[in-house]
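J.:
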Amino acid sequence: MNASLHPADGSPPHTNGGTVGDGRASTTPSPHPGAPHTVGDGRPLSDSPRPGAPHLADAADDGAGGSVRQEVLCFPHPDARIVVAGEPGVLTGDDLTARIGSTMQALAALPPGPVFCGMRIDPQSVLRYLAALRAGRPIALLDPDLPPGTLAELATRFKPAALLGFTRAADGLRRARGGTPEHHPDLAVLLATSGSTGNPKLVRLSRSAVLANARAIAAALAIGPGETAPTSLPLYYSYGLSVLNSHLAAGATVVLTDAGLLERSFWTMLDEHRCTSLAAVPYQYEMLRKLRFDPAEHPALTTLTQAGGRLRPELITEFAAKARRFFVMYGQTEATARIAVLPHDHLDTKPGSAGLAVPGGRLTIDDGQVVYHGPNVMMGYAETADDLARGDDLGGVLPTGDLGHLDDEGFLYITGRMKRIAKVFGVRVNLDDIEHLLRDRGPIAATSGDDRITVWAEGLDNDGCTTLARRLGSELRLHWSGFDVRGVDRLPLLGTGKIDYTALEART
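Okay, structure coming up:
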């Protein structure tokens, strides 16, 4: 991962000062195992900022009071460590604080407005994110490989001050037509809702929501300073971002690697850095099963976590038997990341459950719909730059769009979706967008399954089905095996002439 330390504009590595995202690796040694630590929720040992931290007056007034500003200044935790796989040293303590500070200065030199960050798994991207969070500058964390058309459309709608870190767009400033968009002082992070398809809305997250969910996850999973997590998921994905946030909040270690789970280098890195946990979505667990993955071959690895869709019960049983701790989780980007966690010791007694609400949260059922209440609920959606000035539209209450029920002990069971949204390998995909994308193919219908989408196409033979699946994989940048394309003579219709999706779903 040597190239990850090079700025996206092609300038030499290890530059500082004016660059946005100082990615130099520190030579500071890891803290001594016996060194005192602060509590895992990110609170400092004293009320004064750490040495080298920007003065409180330099942080933007977030409108949420001094307590939130102080929390932001103390995130990451003083003992948190960022390691780049394949690179020497560790970024921690005063050095990490100084790098965040220098990146804040670079962000301050940009015109007003949100920043669009191609959120790569590298120090520059992480520092931009942390600096923006501390500076009060809204930052959209997006797929760095977005197609040019999608990125241009988003930029037109949201008028960012700059584009940074994208593969198909040069780093640079943008002049917003019609003036600079105002933003609400609480607004911190913008995440896309619909994966790689359609015309995504952005989720508006406040600083307090990001920090509340980080602390809640750290508490639910008992993440402490001795934990080490690799970046096994994209950081523009809320699940992957939550792994970063929760470990930085707890004073733990995050190892930045862009190697995938199917690469030998990932497992070499995992053992070299003695990683203690691994986060994955259902598709990745399917792959791990095919690879005959055994956690016992990695002595430091004690915890496996799963979110991003429903994992087959037999795989839950299999991996729970292999791991010392296996956590099934449920969440949404609209709740910053995670909503519920099923503890390892309840896997046998609560089969099929998504778990209990994370600390600080509460679950209710309203006419069959799962409703989450908590401090990590989004402020609302944004479809244009004008929405960035909106305040908290939801007041900490999130109707999830999922159907489910709670048992008498408060454990959640998900039974379905109210809307036509599916997940493929942890990426949310709008089924209507799939049908629109394939409208040139003739009569088409899309239905959801377990971590895959079934596409029904009239008059298609086996070769045509394979071709269509590969087309979807290519256009949506997901593996084509996530699309089960089936040929049918005629799509079933309701009396109204609309497609009978219930009849199709009964065939899967």
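Just so you know, we're using the working numbering here: the sequence shown kicks off at 250 and counts up by one. Every residue gets a Cβ at the ideal spot worked out from N, C-alpha and C, and that includes glycine. The structure presented is a predicted model; accordingly, all values stated were derived computationally and were not measured.
(1) Which whole-angstrom value is the C-beta distance of Leu-451 and Ala-389, which I expect to be below 8 Å?
(2) Label Asp-597 either buried or exposed according to how many other C-beta atoms from any shown protein chain fall within 10 Å of its C-beta, with 16 as the threshold for buried.
(3) By Cβ distance below 6 Å, which residues in the same chain neighbour Ala-468 in space, the five residues on each side in sequence not counted?
(4) Can you tell which of Ile-614, Gly-731 and Phe-515 has its C-alpha closest to the C-alpha of Ile-683?
(5) Report yes if the C-beta distance between Val-737 and Cys-714 is below 8 Å; otherwise report no.
(6) Quick one: residues in its chain with C-beta nearer than 6 Å to the C-beta of Arg-647, no 5 flanking neighbours on either side, listed in chain order?
(7) Below 8 Å on the Cβ atoms is my guess for Leu-527 versus Leu-550; work out the distance and round it to an integer in Å.
(8) Between the segment 517 to 533 and the segment 345 to 362, can you find at least three pairs of beta-carbon atoms closer than 8 Å?
(9) Taking Cβ positions, are Leu-753 and Ala-706 nearer each other than 8 Å?
(10) Would the beta-carbon of Thr-502 fall within 8 Å of that of Arg-330?
(11) At what residues does the alpha helix (DSSP H) containing Cys-714 begin and finish?
(12) In the DSSP assignment, find the alpha helix (DSSP H) that holds Lys-668 and state where it starts and stops.
(13) Nearest-angstrom Cα distance between Leu-717 and Thr-696?
(14) As an exercise, report each continuous beta strand (DSSP E) stretch of at least 3 residues that is fully enclosed by the segment 475 to 543, in chain order.
(15) Looking at the unbroken alpha helix (DSSP H) that takes in Leu-684, where does it start and where does it end?
(16) Using a Cβ-Cβ cutoff of less than 7 Å, which residues in the same chain neighbour Arg-739 once the five nearest sequence positions on both sides are dropped?
(17) If you run the structure through DSSP and keep just helix, strand and coil, what is Thr-613?
(18) Examine the Cβ distances between the segment 486 to 498 and the segment 510 to 518 and report whether three or more of them are shorter than 8 Å.
(19) Determine whether the beta carbon atoms of Leu-637 and Leu-403 lie at a separation below 8 Å.
(20) Using only CA atoms, which one of Trp-729, Thr-416 and Glu-431 lies nearest to Thr-703?
(21) Would you kindly report the start and end of the unbroken beta strand (DSSP E) that includes Ala-694?
(22) Tell me, please, whether the segment 655 to 671 touches the segment 588 to 607 by the rule of three or more beta-carbon pairs shorter than 8 Å.
(23) Counting only runs of 3+ residues fully inside the segment 632 to 661, write out the beta strand (DSSP E) ranges in chain order.
(24) With Leu-439 as the anchor, note down where its beta strand (DSSP E) starts and where it stops.
(25) Please report how far the alpha carbon of Tyr-761 lies from the alpha carbon of Leu-484, in whole angstroms.
(26) In three-state DSSP terms, what is Ala-471?
(27) Straight-line CA distance for Arg-559 to Gly-428?
(28) One question on the structure: do Val-332 and Leu-505 come within less than 8 Å of each other, judged by their Cβ atoms?
(29) DSSP three-state label for Val-459, please.
(30) Between Arg-669, Lys-668, Gly-500 and Ile-370, which lies nearest to Asp-328 when the distance is taken from Cα to Cα?
(31) Throw me the rounded Cβ distance for the Arg-456 and Leu-395 pair, which I believe falls under 8 Å.
(32) In chain order, what residues of the same chain have a beta carbon less than 7 Å from the beta carbon of Ala-461, not counting five sequence neighbours either side?
(33) Is Asp-733 helix, strand or coil when you go by DSSP?
(34) Less than 8 Å between the CB atoms is what I'm expecting for Pro-325 and Ala-498, so what's the real figure, rounded?
(35) My parser needs the beta strand (DSSP E) runs of 3 or more residues fully inside the segment 358 to 441; what are they?
(36) Once you ignore the five residues that flank Gly-557 on each side, which residues in its own chain have a CB closer than 7 Å to its CB?
T.: The answer reads as follows:
(1) 6 Å
(2) exposed
(3) Pro-608
(4) Gly-731
(5) no
(6) Residue identity check: residue 647 is Leu in the sequence provided, not Arg. Glu-583, Ala-584, Tyr-621 and Val-626.
(7) 6 Å
(8) no
(9) no
(10) yes
(11) 711 to 725
(12) No alpha helix (DSSP H) contains Lys-668, which DSSP labels as neither H nor E.
(13) 15 Å
(14) 477 to 479, 502 to 505 and 526 to 529
(15) Note that residue 684 is Glu in the sequence shown, not Leu. Glu-684 -> alpha helix (DSSP H) spans 680 to 686.
(16) Glu-707
(17) strand
(18) no
(19) no
(20) Trp-729
(21) 693 to 697
(22) yes
(23) 646 to 655
(24) 436 to 441
(25) With the chain covering only 250 through 757, there is no way to say anything about residue 761.
(26) coil
(27) 44 Å
(28) yes
(29) helix
(30) Gly-500
(31) Arg-456 to Leu-395, Cβ: 25 Å. No contact.
(32) Gly-609, Pro-624 and Asn-625
(33) strand
(34) 7 Å
(35) 364 to 367, 388 to 391, 411 to 413 and 436 to 441
(36) Tyr-488, Val-530, Pro-531, Lys-672 and Gly-675
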